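Protein sequences appear in the order of chains A and B. In terms of the working numbering, the first sequence has 2 at position 2, counting the first letter as 1, and numbering is strictly consecutive. Take any residue in the second sequence, count from 1 to its spot, add 1000: that is its number in the working numbering. Built from N, CA and C at the ideal position, the CB exists for glycine as well. Values in this document were obtained by computation on a predicted structure and should not be read as measured data. Below: one structure, written as structure tokens.
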Amino acid sequence: MDYVWDFSAVVSYWPLLLTGLKNTVILAATCLFIGLFFGLFVGAARYSSKRIFNWPATVFVEVFRNTPVLVQIMWFFFAFPIISPFDINAFTAAALGLTLNTIAFSSEIYRAGIQSIHKGQWEAAKALGMTYTQQMGRIILPQAIRRMLPAFMNRAVELVKMTSLASVIAYGELMHQAKTISTTEFNPIEMYTSVALIFFCLIFPLTLLVHRFELKDNSRG
Amino acid sequence: MGYEWDFSVVFNDFDLLLLGLLNTLKVTGLALFFGVPLGLFLALLRLYGKPLVRIPVSVLIEFLRSTPPIAQLFWFFFAVPILFGVEIDPFEASVLTFSLQSSAFFAEVFRGGIVSIDNGQWEAAKAIGMDRNATLRRVILPQAITRMIPAFLERAIELMKTTTLVSTISYADLLYQANNIAQSTYRTLEVFTVAAGMYFIVIFICSLVVQRIEHYLGRTGELTKG
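What follows is the structure in structure tokens.
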């Protein structure tokens, strides 16, 4: 245990780490926003009683929920370009994998949230002559969103952690930068410790926020 | 879409993929074997430890939960040999990382389960003269564990998915084998698709079993009893 820690290289490579952090945030934000947006439609399709909506949505969700996300990213990076009509770089592959994964998981949150709203709300809205979109947009979702918030934030936490997998296909996010620096500076311990700390600072506030929301929700009953 | 699919190469090397799957299951199994008891231990320390113990344990749990598993894996793989002067191979690093990583999540499941048991149970046990350890062992844990089963099983499935990371430190799990075969045969699309399919089959079956168990527990009322 006489190892001497030396963080000087971490400090001198700080700009590279910041670039990595920026790329991590860009990837996470892109996937979160697109994922949550389309998740609503997939969730509504899964809730639908019509088979043409329900079946494809179910297959999609089950496939993406039951395969490892690293396999999804690798598939989009190595396998998909062969049949893809457009070029795939590391960012596109990682974003595709993570976004589709987020759509699948968030659609289940939407579905559960929508299901938790009493049937009478739908019927009352219908009785007022609202269309399906109006019932969903004005009555059901506003009530359901509040209940879904902690689950969505949990997804965001998971997503930020998952972006580190993009390092495997050499997208220049935080983990990848750390890997690159540590191979030239031979300081894996300091590098990965720093990266773990940066991720912790990024994620832990979100975790605390989730706790706060859950407590509030429970006390409301 | 002029691409011609050719799955023959995949089936020539199918035994390698199966071997990889076996290694995936091995890491998952061992991580569960060490992670669950360690999780219980951490949960008890966090709940009933003196502040001097409780605070570091809480920090450890939150840290393991709030950092990406791949960073942890790399850290253990590179740091343990340097810090402790012992050789560590990819398999040992994987088991070590995922046992610790999953123990943090299991600790929170245990804690949630223990906290969910009504206070009256503690008081009743005390009234008939049980001390804290006996109450935990005989009254609280048996009730809490039934409630925790669904959360446990879900974590176990998550764990299996997370173990794909071991391929990045060259442990021969299913993903690593697939990557190797893909690179030597240039049949990337087929190999990765088959590998993803194999993961899907195994994990989907596990998910279905979990759903059945949850359904069963829900029906017997074990999950809702106050």
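Given that residue i touches chain A, what residues does it touch there, using C-beta distances under 9 Å?
i, result
"residue 1003(B)", "82 and 83"
"residue 1161(B)", "66, 67, 68, 69, 70 and 71"
Would you say residue i faces chain B, with C-beta separation under 8 Å as the test?
i, result
"residue 8(A)", "no"
"residue 207(A)", "yes"
"residue 192(A)", "yes"
"residue 116(A)", "no"
"residue 210(A)", "no"
"residue 221(A)", "The predicted position of residue 221(A) is uncertain, since its pLDDT is 43 and thus under 50; a value taken from the coordinates is nonetheless stated next. So no, residue 221(A) is outside the interface."
"residue 75(A)", "yes"
"residue 25(A)", "no"
"residue 196(A)", "yes"
So residue i contacts chain A; which residues on that side make the cut at Cβ distance below 7 Å?
i, result
"residue 1200(B)", "63, 66 and 67"
"residue 1168(B)", "168"
For residue i, go through chain B and note every residue whose CB falls closer than 8 Å to its CB, in chain order.
i, result
"residue 15(A)", "Neighbours of residue 15(A) on chain B: none; closest Cβ ~20 Å, over 8 Å."
"residue 167(A)", "1070"
"residue 203(A)", "1066 and 1067"
Can you tell me whether residue i is helix, strand or coil according to DSSP?
i, result
"residue 1129(B)", "coil"
"residue 130(A)", "coil"
"residue 222(A)", "The requested residue 222(A) is not part of the displayed model; chain A covers only 1 to 221."
"residue 1116(B)", "coil"
"residue 50(A)", "coil"
"residue 1170(B)", "coil"
"residue 155(A)", "helix"
"residue 1013(B)", "coil"
"residue 38(A)", "helix"
"residue 44(A)", "helix"
"residue 1187(B)", "coil"
"residue 196(A)", "helix"
"residue 1087(B)", "coil"
"residue 120(A)", "helix"
"residue 1158(B)", "helix"
"residue 110(A)", "helix"
"residue 1226(B)", "Reliability of the predicted coordinates at residue 1226(B) is poor, the pLDDT of 43 falling under 50, and the value obtained from them is presented with this limitation in mind. Three-state result, residue 1226(B): coil."
"residue 1067(B)", "coil"
"residue 89(A)", "coil"
"residue 1178(B)", "helix"
"residue 1050(B)", "coil"
"residue 170(A)", "coil"
"residue 7(A)", "coil"
"residue 137(A)", "helix"
"residue 1199(B)", "helix"
"residue 1152(B)", "helix"
"residue 186(A)", "coil"
"residue 1007(B)", "coil"
"residue 221(A)", "Residue placement at residue 221(A) cannot be trusted, given a pLDDT of 43 that sits under 50; what the coordinates show is reported in the next sentence. Three-state result, residue 221(A): coil."
"residue 1002(B)", "coil"
Since residue i meets chain B, which of its residues come closer than 9 Å, beta carbon to beta carbon?
i, result
"residue 188(A)", "1074, 1075, 1077, 1078, 1079 and 1082"
"residue 79(A)", "1182, 1188, 1189, 1190, 1191, 1192, 1193 and 1196"
"residue 199(A)", "1066, 1067, 1068 and 1071"
"residue 175(A)", "1068, 1070, 1071 and 1074"
Residue i CB to nearest chain A CB: under 8 Å?
i, result
"residue 1246(B)", "Not covered by the structure: residue 1246(B). The range shown for chain B is 1001 to 1226."
"residue 1151(B)", "no"
"residue 1165(B)", "yes"
"residue 1207(B)", "yes"
"residue 1226(B)", "Its pLDDT being 43, under 50, residue 1226(B) is placed unreliably in this model, and the value from its coordinates should be taken loosely. No, residue 1226(B) does not count as interfacial toward chain A."
For a contact meaning CB atoms closer than 7 Å, what does residue i contact in chain B?
i, result
"residue 3(A)", "1082 and 1083"
Using the beta-carbon of each residue, which ones in chain A are nearer than 8 Å to residue i?
i, result
"residue 1204(B)", "62 and 66"
"residue 1175(B)", "68, 70, 71 and 74"
Does any CB atom of chain E fall closer than 8 Å to the CB of residue i?
i, result
"residue 1056(B)", "Protein chains in the displayed structure are A and B, and chain E is not among them."
Exercise. Which of the residues in the segment 1058 to 1083 of chain B, read from start to end, lie with their CB under 8 Å from any CB of chain A?
Worked result: Sequence-ordered contacts of the segment 1058 to 1083 of chain B with chain A read 1062, 1063, 1065, 1066, 1067, 1068, 1069, 1070, 1071, 1072, 1074, 1075, 1078, 1079, 1082 and 1083 [C-beta pairs closer than 8 Å].
For this session: Could you list the residues in the segment 139 to 165 of chain A with a C-beta less than 9 Å from some C-beta on chain B, going in chain order?
Result: Listed by position, the residues of the segment 139 to 165 of chain A near chain B (Cβ gap below 9 Å) are 157, 160, 161, 162, 163, 164 and 165.
For this session: Anything in the segment 85 to 107 of chain A with a Cβ closer than 7 Å to a Cβ of chain B? List those residues in chain order, please.
Result: If the cut-off is 7 Å between Cβ atoms, the segment 85 to 107 of chain A has nothing near chain B.
Exercise. Got a sec: which bits of the segment 38 to 50 of chain A sit with their beta carbon under 7 Å from any beta carbon on chain B, in order along the chain?
Worked result: Using a CB distance below 7 Å, no part of the segment 38 to 50 of chain A faces chain B.
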